[in-house]
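Scroll down for the structure; my scribbles are underneath it.
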Amino acid sequence: MTFAVSVGGRRVECAAGQTLLDACLRAGVWMPNSCNQGTCGTCKLTVLSGEVDHGASPLDTLTVEERGAGLALACQARPLGDVTVGGGAEGRTTHPLRDLSATVLEVADIARDTRRVLLGLAEPLAFEAGQYVELVVPGSGARRQYSLANTADEDKVLELHVRRVPGGVATDGWLFAGLAAGDTVSATGPLGDFHLPPETEDDGGPMVLIGGGTGLAPLVGIARTALRRQPGRQVLLYHGVRGAADLYDLERLGELAEEHRGFEFVPVLSEEPDPAYRGGFPTDAFVEDVGSARGWSGWLCGPPPMVEAGVKAFKRRRMAPRHIHREKFTPADALG
Amino acid sequence: MTTTERPDLTWLNDVTMTELERNPYQAYERLRAEAPLAYVPVLGSYVASTAEVCREVATSPDFEAVITPAGGRTFGHPAIIGVNGDIHADLRSMVEPALQPVEVDRWIEDLVRPIARRYLERFENDGRAELVAQYCEPVSVRSLGDLLGLQDVDSDKLREWFAKLSRSFTNAAVDENGEFANPEGFAEGDQAKAEIRAIVDPLIDRWIEHPDDSAISHWLHDGMPPGQTRDREYIYPTIYVYLLGAMQEPGHGMASTLVGLFSRPEQLEEVVDDPALIPRAISEGLRWTSPIWSATARISTKPVTIAGVDLPEGTPVMLSYGSANHDTGQYEAPSTYDLHRPPLPHLAFGAGNHACAGIYFANHVMRIALEELFEAIPNLERDTREGVEFWGWGFRGPTSLHVTWEV
Numbered sequence: 001m002t003f004a005v006s007v008g009g010r011r012v013e014c015a016a017g018q019t020l021l022d023a024c025l026r027a028g029v030w031m032p033n034s035c036n037q038g039t040c041g042t043c044k045l046t047v048l049s050g051e052v053d054h055g056a057s058p059l060d061t062l063t064v065e066e067r068g069a070g071l072a073l074a075c076q077a078r079p080l081g082d083v084t085v086g087g088g089a090e091g092r093t094t095h096p097l098r099d100l101s102a103t104v105l106e107v108a109d110i111a112r113d114t115r116r117v118l119l120g121l122a123e124p125l126a127f128e129a130g131q132y133v134e135l136v137v138p139g140s141g142a143r144r145q146y147s148l149a150n151t152a153d154e155d156k157v158l159e160l161h162v163r164r165v166p167g168g169v170a171t172d173g174w175l176f177a178g179l180a181a182g183d184t185v186s187a188t189g190p191l192g193d194f195h196l197p198p199e200t201e202d203d204g205g206p207m208v209l210i211g212g213g214t215g216l217a218p219l220v221g222i223a224r225t226a227l228r229r230q231p232g233r234q235v236l237l238y239h240g241v242r243g244a245a246d247l248y249d250l251e252r253l254g255e256l257a258e259e260h261r262g263f264e265f266v267p268v269l270s271e272e273p274d275p276a277y278r279g280g281f282p283t284d285a286f287v288e289d290v291g292s293a294r295g296w297s298g299w300l301c302g303p304p305p306m307v308e309a310g311v312k313a314f315k316r317r318r319m320a321p322r323h324i325h326r327e328k329f330t331p332a333d334a335l336g
Numbered sequence: 001m002t003t004t005e006r007p008d009l010t011w012l013n014d015v016t017m018t019e020l021e022r023n024p025y026q027a028y029e030r031l032r033a034e035a036p037l038a039y040v041p042v043l044g045s046y047v048a049s050t051a052e053v054c055r056e057v058a059t060s061p062d063f064e065a066v067i068t069p070a071g072g073r074t075f076g077h078p079a080i081i082g083v084n085g086d087i088h089a090d091l092r093s094m095v096e097p098a099l100q101p102v103e104v105d106r107w108i109e110d111l112v113r114p115i116a117r118r119y120l121e122r123f124e125n126d127g128r129a130e131l132v133a134q135y136c137e138p139v140s141v142r143s144l145g146d147l148l149g150l151q152d153v154d155s156d157k158l159r160e161w162f163a164k165l166s167r168s169f170t171n172a173a174v175d176e177n178g179e180f181a182n183p184e185g186f187a188e189g190d191q192a193k194a195e196i197r198a199i200v201d202p203l204i205d206r207w208i209e210h211p212d213d214s215a216i217s218h219w220l221h222d223g224m225p226p227g228q229t230r231d232r233e234y235i236y237p238t239i240y241v242y243l244l245g246a247m248q249e250p251g252h253g254m255a256s257t258l259v260g261l262f263s264r265p266e267q268l269e270e271v272v273d274d275p276a277l278i279p280r281a282i283s284e285g286l287r288w289t290s291p292i293w294s295a296t297a298r299i300s301t302k303p304v305t306i307a308g309v310d311l312p313e314g315t316p317v318m319l320s321y322g323s324a325n326h327d328t329g330q331y332e333a334p335s336t337y338d339l340h341r342p343p344l345p346h347l348a349f350g351a352g353n354h355a356c357a358g359i360y361f362a363n364h365v366m367r368i369a370l371e372e373l374f375e376a377i378p379n380l381e382r383d384t385r386e387g388v389e390f391w392g393w394g395f396r397g398p399t400s401l402h403v404t405w406e407v
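Sequence order for the protein chains is V and C. Number 336 marks the last residue of the first sequence (my numbering); no jumps. Number 407 marks the last residue of the second sequence (my numbering); no jumps.
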């Protein structure tokens, strides 16, 4: 059975049990979304007519009063009949969400407990640099989100950076266990709103990107995209890790710095000092390096405490909050 | 014969104007608990203090608008806030077209955002500011001044006018004979009005001959037969209403919202990070410290019983919206600013057919001003070396707000 979801003058089909967000994104109708697990509230919308089941919507994100007022979380709500929604979609189109069948092309150990996984696609995937895909962990039914390190034109081989979590279902149980070239992987994507504005709206202003651990992945895609648009723009990329053994892609990012005088890559070690690298937290390094970030945009991906520290650091340097972008989903690290 | 136990209200005889202006909340909290409709001797008037009684009186068919005595002494007749029937309908039809949401949406961004930017540019790299005088009030008066057609009157002069009119309007104390206790308190309002006339009369002369798109020019011409304009004496009291309340209160609203947010640093951070929360923050700011705290009134048109009190025809009742918005029957811990309290409707903009005509405009002026402030100075902190003092019974807000930030 399917229901009709009317949104911003468009009608999309939604199967019983399918979420509003999933149905819209699959039909190419954009709506704000970030965590896709009901915790961030980005996809909150108004149900103008019809009934929905709020599913697992947490009370913290969608209060009783909000439910009474007709609000719903698109990523959790499932229609119980035909519905009309508003307040979310603004008529923008997006890359349709798709189910993907991918083949593992390469699994490489690139740093301490860190692997690069390359997935080959039969059909190219349309996405924006910085978005993520969700992998289905074979046998468990669990799903894990991994950011793409690709630029949008690298659309047939997806590059994921994965950090091992001891005992983790997805890592110790799969990606760091039996996974090998030639395996088939089920995934959906692209997801998320962590990406550059469209080129026509990109002012080419200075950017700072701070990644913690494998939070570097989307920033590699975003930084390369930004530099391609404006080869001379100022782009500072900080990579925060515990020790030098956790660093990777030094050569690749070093080359990028040689090609672009405005690009700087700054590894920062928090726990295992090494005279070759900066010590401390990457967010503090940014505060030391940049006196004013007025007119800059900021990009943060990593463990929540690092992201929160980054928001504070950016505001301290007077970056406008609407130019602060953060990847809000719970890092796969924390779930394993 | 029935006896109703009535609380002893003799304490009201000791309530002074100075006390109410410094902090009206204690006296009104007691009024809400003991006598939600009570005669307050120093004001020479009945006062409604709870949300229920304020709403009942404001929307009752047995009451109509009346201006408070000190207000009438300041504005003269016919001020839009104190008239009824055809005159009220005509004055509302005169002011409302420019304030309709679809109309306001057309120009509000282009009007207010550059003004906010201009004032911010003057101090955004200083690392410290006093926001009431340097930002909240200037953005408020400049936005409305330009809308009215007063581009050539500088912002400090507009601020001076509203302050003088405001003190005159709320010079409400009466003696035991019902006479104004402080008649010299109207002098500065009279002086401001003389200055306003000297500056606005020539503008009106010009608009009569050469209408333009300014609000006052429209007030003169709209709905009039060809070749005729509204008499200036007829519209001046309403011009004074604007030059006081509409000029002063968006500034009060912004400043109170900021003080409220500073009392909840985690909520300030949420709002700075997500500007979509600014309208909700403002709404709570207006509830928490209502700018028009007790400045409007109604008068009974027949004998009525309100909150158990029998009022003869012709009894004025002051509407204390600032008190109603702290009604514990409606709000939990009302004296606490809380962005996340259930968003119940509040009475900061009044109720009934005299509810504020400028709600949409004022809310957007405040929204844009705070958006630009947080965009330019996301690391804003209250300067805790300086205190924050609220003042006012009729109109209320912080007298100053010192802030610092890292530059």
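Idealized CB from N, CA, C, for every residue including glycine. Computed from a prediction, not measured in an experiment: that's the story for all the values here.
Q: Could you name the residues that DSSP lists as bridge partners for A4(V)?
A: Your numbering for residue 4(V) matches position 4 in the first sequence. Listed as beta-bridge partners of A4(V) by DSSP are E13(V).
Q: With DSSP as the reference, label S186(V) as helix, strand or coil.
A: Start at 1 with the first residue of the first sequence, and residue 186(V) comes out as number 186. S186(V) falls in the strand class under three-state DSSP.
Q. Any C-beta of chain C sitting closer than 8 angstroms to the C-beta of A126(V)?
A. Translated into positions along the first sequence, residue 126(V) becomes position 126. For A126(V), the nearest beta carbon of chain C is not closer than 8 angstroms to its own beta carbon.
**Q.** Environment of A16(V) [buried if 16+ CB atoms lie within 10 Å]
**A.** By one-based count along the first sequence, residue 16(V) stands at place 16. That one is exposed.
Q. Buried or exposed: W207(C), going by 16 or more other Cβ atoms within 10 Å of its Cβ?
A. Locating residue 207(C) in the second sequence gives position 207, counting from the first residue. Buried.
**Q.** CB contact flag (V169(V), S140(V), <8 angstroms)
**A.** By 1-based counting over the first sequence, the position of residue 169(V) is 169. By 1-based counting over the first sequence, the position of residue 140(V) is 140. For V169(V) and S140(V), yes; Cβs fall inside 8 angstroms.
Q. Is it buried or exposed for R142(C), if we count other Cβ within 10 angstroms and need 16 for buried?
A. Counting from one through the second sequence, the residue named residue 142(C) turns up at place 142. Counting the other Cβ atoms within 10 Å of the Cβ of R142(C) gives 16 or more, which makes it buried.
Q: Give me the Cα-Cα distance between H364(C) and A173(C), rounded to the nearest whole angstrom.
A: Here residue 364(C) refers to the residue found at position 364 of the second sequence. Here residue 173(C) refers to the residue found at position 173 of the second sequence. If you take the alpha carbons of H364(C) and A173(C), they lie about 35 angstroms apart.
Q | Reference A369(C), options R118(C), D222(C), G314(C) and D14(C), closest by Cα | A | Taking the second sequence and counting its residues from 1, the one referred to as residue 369(C) is at position 369. Relative to A369(C), the option among R118(C), D222(C), G314(C) and D14(C) whose CA is nearest is R118(C).
Q | Close-in-space but distant-in-sequence residues of the same chain around E103(C) (CB under 8 angstroms, 5 per side omitted) | A | Sequence index remark: in the second sequence, residue 103(C) carries index 103 (1-based). Excluding positions up to five away in sequence, the list reads P97.
Q) Closest Cβ-Cβ distance between D273(C) and chain V: below 8 angstroms? A) Translated into positions along the second sequence, residue 273(C) becomes position 273. For D273(C), a Cβ of chain V is located within less than 8 angstroms of the residue's own Cβ.
Q) Closest Cβ-Cβ distance between P61(C) and chain V: below 8 angstroms? A) Here residue 61(C) refers to the residue found at position 61 when the second sequence is read from its first residue. Contact of P61(C) with chain V is not assigned, every C-beta pair being separated by 8 angstroms or more.
Q | Coil, strand or helix - E251(C) by DSSP | A | In the second sequence, the residue the question calls residue 251(C) occupies position 251. According to the sequence as given, residue 251(C) is Gly; it is not Glu. Under the three-state reduction of DSSP output, G251(C) falls in the helix class.
Q) Name the chain C residues that come within less than 7 angstroms of A313(V), Cβ to Cβ? A) Your numbering for residue 313(V) matches position 313 in the first sequence. The contact set of A313(V) on chain C, defined by CB atoms closer than 7 angstroms, is empty, because the minimum CB distance reaches about 10 angstroms.
Q: Assign L48(V) to buried or exposed, taking buried as 16 or more other Cβ atoms, counted over all protein chains shown, within 10 Å of its Cβ.
A: Residue mapping note: residue 48(V) aligns to position 48 of the first sequence, counting from 1. Flag for L48(V) reads exposed.
Q.
Run through the DSSP bridge pairs and tell me what H342(V) is partnered with.
A. Outside the shown range of chain V (1 to 336) lies residue 342(V), about which nothing can therefore be said.
Q) For V95(C), is the classification buried or exposed, using 16 other Cβ atoms within 10 angstroms of its Cβ as the cut-off for buried? A) For this step, residue 95(C) is matched to residue 95 along the second sequence. Burial check for V95(C): the Cβ neighbour count within 10 Å reaches 16 or more, so the residue is buried.
Q | Burial state of D327(C), where buried means 16 or more other Cβ atoms lie within 10 Å | A | Here residue 327(C) refers to the residue found at position 327 of the second sequence. With 16 or more Cβ atoms within 10 Å of its Cβ, D327(C) is classed as buried.
(Q) I'd like to know whether the C-beta of E65(V) is nearer than 8 angstroms to at least one C-beta of chain C. (A) On the first sequence, residue 65(V) is found 65 positions in, with the first residue counted as 1. Chain C has a Cβ within less than 8 angstroms of the Cβ of E65(V).
Q) What residues match up with G211(V) in a beta bridge as DSSP calls it? A) In the first sequence, counting from the first residue as 1, residue 211(V) sits at position 211. Partner(s): H239(V) and C301(V).
Q. How many Å lie between S417(C) and A70(C) at the Cα?
A. This structure gives no information on residue 417(C), because the portion of chain C shown stretches from 1 to 407.
Q. Name the chain V residues that come within less than 7 angstroms of P422(C), Cβ to Cβ?
A. Given that chain C is displayed from residue 1 to residue 407, the structure contains no residue 422(C) and the question cannot be resolved.
Q: Please specify which runs of the alpha helix (DSSP H), each continuous and at least 4 residues long, are wholly inside the stretch 170–221 of chain C, giving them in chain order.
A: Listed in chain order, the complete alpha helix (DSSP H) runs (minimum 4 residues) inside the stretch 170–221 of chain C are 187–209 and 215–221.
Q) In chain order, what residues of the stretch 359–389 of chain C put their CB closer than 8 angstroms to some CB of chain V? A) Of all residues in the stretch 359–389 of chain C, F374, E375, A376, I377, P378 and N379 have a Cβ within less than 8 angstroms of some Cβ in chain V.
Q. In the structure shown, what three-state DSSP assignment does D8(C) receive?
A. In the second sequence, residue 8(C) corresponds to position 8, counting from 1. In this structure, D8(C) counts as coil in the three-state DSSP scheme.
Q: Reducing DSSP to helix, strand and coil, say where E121(C) ends up.
A: The residue labelled residue 121(C) in the question sits at position 121 within the second sequence. DSSP places E121(C) within a helical segment (H, G or I) once states are collapsed to three.
Q) Of all Cβ atoms in chain C, is any one closer than 8 angstroms to the Cβ of E90(V)? A) If you number the first sequence from 1, residue 90(V) lands on position 90. Because E90(V) sits at a pLDDT of 49, beneath the cut-off of 50, its placement in the model cannot be relied upon, and the point is left open.
Q: Kindly indicate which residue of R112(V), V12(V), M31(V) and G120(V) has the alpha-carbon position closest to the one of A181(V).
A: Indexing the first sequence from 1 puts residue 181(V) at position 181. Among R112(V), V12(V), M31(V) and G120(V), the Cα nearest to that of A181(V) is on G120(V).
Q.
Assuming the contact rule is C-beta atoms closer than 8 angstroms, R143(V) and E154(V) should be a hit. Round their C-beta distance to whole Å, please.
A. Numbered from its first residue, the first sequence carries residue 143(V) at position 143. Numbered from its first residue, the first sequence carries residue 154(V) at position 154. The Cβ separation is near 23 angstroms, so there is no contact.
Q.
Looking at chain V, is there any beta carbon in it that lies within less than 8 angstroms of the beta carbon of E406(C)?
A. Locating residue 406(C) in the second sequence gives position 406, counting from the first residue. With a threshold of 8 angstroms between beta carbons, E406(C) makes contact with chain V.
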